[in-house]
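Using this note's numbering, you'd call the opening residue of the sequence shown number 8 and step up by one each time.
Heads up, the beta-carbon is just placed ideally off N, CA and C, and yes, glycines get one too.
This one's a predicted model, so the numbers in the text were calculated from it and none came from an experiment.
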Amino acid sequence: MKPRKIPSPPGLFGGLRFRFMTEAMLNRVLTEAEAQKDGGEFKLGDGRRLTLYAGHAGVSLTITRIEGLKLVDDGTVVARNDKGDRFFVALPDLFAVAAEGSTTAAASRKAGFLG
């Protein structure tokens, strides 16, 4: 008995497969996160942070607590975290961004107590 060939499933969104993030996608994320442009850098408001997910040649990288982001003309994304560290990533290597909301309400609650 010969093994059956099972066709590959279509990609997400009716066969389209997004392999990398575009500048338009990144701008949409920054708009949703209410980032304000200041001197060429997009800065997030109080308590808001981004997490960048990048990958290249099978290796993944997660960059957390991003509060500033700049897109350079050559396609380099410069990300700055809340400690002032800077990360340089090629835009095509980004595949996802998570936007975290304000932490002011969560920080004011004591552990173990409701309300």
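Spatial neighbours of R72 in its chain, beta-carbon cut-off 7 Å, leaving aside the 5 residues before and after: If we look at R72 and ignore the five residues flanking it on each side, its Cβ neighbours are R56, N88 and D89.
From the DSSP output, which residues share a beta bridge with F95? V85
For G108, which residues from the same chain have a beta carbon less than 8 Å from its beta carbon, with the 5 sequence-adjacent residues on both sides left out? G54 and R55
Using only the alpha-carbon positions, how far apart do E41 and E74 sit? 12 Å
Taking R72 as part of the beta strand (DSSP E), name the residues at either end of that continuous run. V66 to L78
Straight-line gap, F94 to K77 (C-alpha atoms, nearest Å): 10 Å
Within this structure, are the beta carbons of G82 and L101 separated by less than 8 Å? no
In DSSP terms, what G46 is bridged to: According to DSSP, which records beta bridges pairwise, G46 is partnered with nothing at all.
Pull the bridge partners of E39 from the DSSP assignment, please. DSSP, once it has assigned bridges, lists no residue as partnering E39.
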